[in-house]
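Undergrad: Using full-length UniProt numbering, you'd call the opening residue of the sequence shown number 1 and step up by one each time. Mind having a look at this structure? Questions to follow.
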Amino acid sequence: MESLIKFVEDEFVPKKDFPDFSAGDTITVYYEIKEGEKTRIQFFKGVVIQRRGSGSTETFTIRKMSGTVGVERIFPVNMPALQKIEVNKRGKVRRSRIFYFRELTGKKARIKEIRS
Numbered sequence: 001m002e003s004l005i006k007f008v009e010d011e012f013v014p015k016k017d018f019p020d021f022s023a024g025d026t027i028t029v030y031y032e033i034k035e036g037e038k039t040r041i042q043f044f045k046g047v048v049i050q051r052r053g054s055g056s057t058e059t060f061t062i063r064k065m066s067g068t069v070g071v072e073r074i075f076p077v078n079m080p081a082l083q084k085i086e087v088n089k090r091g092k093v094r095r096s097r098i099f100y101f102r103e104l105t106g107k108k109a110r111i112k113e114i115r116s
């Protein structure tokens with residue numbers, strides 16, 4: 001049964017070509033918003049907290065600071081409204097899910113950048 005589901009996902013779910021990114025990276029996600037009959041593209045820039053799932057059910061969570069309030073948003077990788085993803089900075093973290101990042105403030109909330 002699982003192989004049948006995997007086969008259907010691989011055949012019929014369109015793959016989008018996004019750059020590789022992982023937890024700790026700062027990325028900008030451009031996605032389409034429909035307001036009535038009009039559509040516009042909005043972006044969400046923040047730090048990737050986690051990537052979860054695999055195949056067509058994969059999601060990633062991004063956290064940004066809006067003033068003094070932290071805002072998190074979960075994006076499915078195969079969401080049709082996703083236009084593009086830009087990797088702004090690569091971050092060096094030791095974990096694949098950095099939930100401890102939520103409690104950090106000020107200088108402690110910085111992630112070391114990997115320069116290549």
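Ideal Cβ placement from N, Cα and C applies to all residues, glycine included. As the structure is a prediction and not an experimental result, all values here were calculated from the model.
#1: Measuring CA to CA, which of Lys34, Ser66, Glu37, Glu58 is closest to Lys45?
#2: Could you have a look at Thr105 and say whether DSSP puts it in helix, strand or coil?
#3: Around the C-beta of Ile49, are 16 or more other C-beta atoms found within 10 angstroms, so that it is buried, or is it exposed?
#4: Restricting to runs no shorter than 4 residues, where is the alpha helix (DSSP H) found entirely within the stretch 26-110?
#5: Tell me which residues share the same chain as Ser70 and place their Cβ nearer than 8 Å to its Cβ, disregarding the 5 neighbours each side in the sequence.
#6: Closest to Arg110 by C-alpha separation, out of Val13, Asp25, Glu35, Gly53, would be which residue?
#7: Assuming Lys6 and Gly55 make a contact with CB atoms under 8 Å, what is their CB distance in whole Å?
#8: Got a sec, what are the start and stop residues for the alpha helix (DSSP H) Val8 sits in?
#9: One question on the structure: do Glu113 and Arg90 come within less than 8 Å of each other, judged by their Cβ atoms?
#10: Between the C-alpha atoms of Arg51 and Ile85, what's the straight-line distance to the nearest angstrom?
TA: Quick answer:
#1: Ser66
#2: coil
#3: buried
#4: none
#5: The identity of residue 70 in the sequence shown is Gly, whereas the question assumes Ser. Same-chain partners within the cutoff: Arg63, Lys64, Arg102.
#6: Asp25
#7: 7 Å
#8: 2-12
#9: yes
#10: 14 Å
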